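Read through the structure below, which is laid out as structure tokens, and then see the notes.
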Amino acid sequence: MYSYTKEKKFPKRRLIVSLSCLLIAAAAFLTYEYSMKNPAKDTSVFKEDTTPVLSLPSSAEEEKGIQPFAVKAEVVLDYFDGKDSKVDSMTKFEGVYRANQGMDYSFNKEAFDVLASFSGEVSDVKEDNIFGKSVTITSKDLSITYQSLSDITVKKGDKVNQKDPIAKAGSNIYNKELGNHLHIVVEKNGKIIDPELMYGKTNAEIK
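Read the sequence shown against the numbering used here and you will find it ends at 240, with the numbers running on by one and no gaps.
In structure tokens, the structure reads:
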């Protein structure tokens with residue numbers, strides 16, 4: 034009796050399984066046919082982007098040295114380069130002529146804003162009884178001392194940008210006949226050079 038019932042049930046199960054397989058196969062075939070006739074749009078994230086890209090400069094242009102003022106100041110005492118002994122590059126102090134190690138500018142003996150010729154860090158601020166107040170700004174291997182100042186607006190350790198006002202032109206005992214003026218000394222790698230050699234040049238171009 035047990036054996037007979039088992040044999041009767043198995044054919045029905047096989048039929049159900051067979052029909053299920055046929056239905057799955059038919060569904061897969063219809064899906065494939067549909068996909069071939071109606072290809073899906075490409076939504077891949079790797080699709081080529083045609084959006085225009087703005088090109089940026091590789092690096093900002095390095096700044097070039099400027100005169101430390103915006104007014105039309107004139108040279109009243111030139112830099113002594115050692116090639117001659119012209120009077121306009123010598124200073125007479127206490128009866129002795131001395132070579133000018135920098136350059137002096139005047140604007141009708143009036144006070145004017147003194148600007149940073151290069152960006153850098155204020156490495157020294159001091160006052161001397163003879164040469165007056167001064168500010169030194171260091172930029173890499175370039176050191177610029179602005180002398181004979183008044184109304185200094187920076188202090189040691191400050192970071193300054195090119196064209197920033199740092200003081201006003203003042204006076205000193207050493208060149209008292211010049212009245213309000215600016216004395217500037219430029220050093221490259223510890224060597225004093227003609228200040229005019231830095232105007233219009235990058236730090237690397239100054240020799």
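Think of the CB as a built atom: it goes at the ideal place given N, C-alpha and C, for glycine as much as any other residue. All values derive from a computational prediction rather than experimental measurement.
Identify whether residue i lies in helix, strand or coil by the three-state DSSP scheme.
i    : result
K224 : strand
K105 : coil
K159 : strand
E154 : strand
K196 : coil
K201 : strand
K188 : coil
K142 : coil
K209 : helix
T235 : coil
Measuring CA to CA, which of the options is closest to residue i?
i    : options                : result
K192 : A149, D174, E220, I217 : A149
D157 : M136, Q180, I163, G135 : Q180
K201 : N194, T186, E210       : T186
D111 : K188, T124, Q100, F102 : T124
F151 : I199, S183, R131       : I199
H214 : V104, D174, I99, K97   : V104
K142 : E210, D174, S167       : E210
F145 : D184, V109, S172, K159 : D184
G190 : I170, D197, L230       : I170
Q16  : G233, K240, A237, I239 : One cannot answer for residue 16 here, as it falls past the ends of the chain, which runs 34 to 240.
Got a sec? Which residues, its chain only, sit under 6 angstroms from residue i by beta carbon, not counting five neighbours each side?
i    : result
K224 : none
E95  : T235
F79  : Only weak support exists for where F79 lies, its pLDDT of 42 falling under 50; the coordinates are left without a value.
N194 : S152
I226 : V219
K196 : L148
T178 : S167, T169, V218
So is residue i buried or exposed if we call it buried at 16+ other beta carbons inside 10 Å?
i    : result
K41  : Here the model assigns K41 a pLDDT of 48, short of 50, so the residue's position is not dependable and the matter cannot be decided.
V129 : exposed
D114 : exposed
D174 : exposed
G203 : buried
Could you tell me the boundaries of the beta strand (DSSP E) in which residue i lies?
i    : result
M231 : From DSSP, M231 is part of no beta strand (DSSP E); its letter is neither H nor E.
T171 : 165–172
V147 : 146–148
L182 : 175–183
Quick one: residues in its chain with C-beta nearer than 7 angstroms to the C-beta of residue i, no 5 flanking neighbours on either side, listed in chain order?
i    : result
F126 : Y207
I163 : N205, I206, Y207
P228 : Y112, G135, M136, I217, V219
E160 : K166
Looking only at its own chain, which residues have a Cβ that is under 8 angstroms from the Cβ of residue i, when we skip the five neighbours before and after it?
i    : result
E107 : Y138, S139, F140
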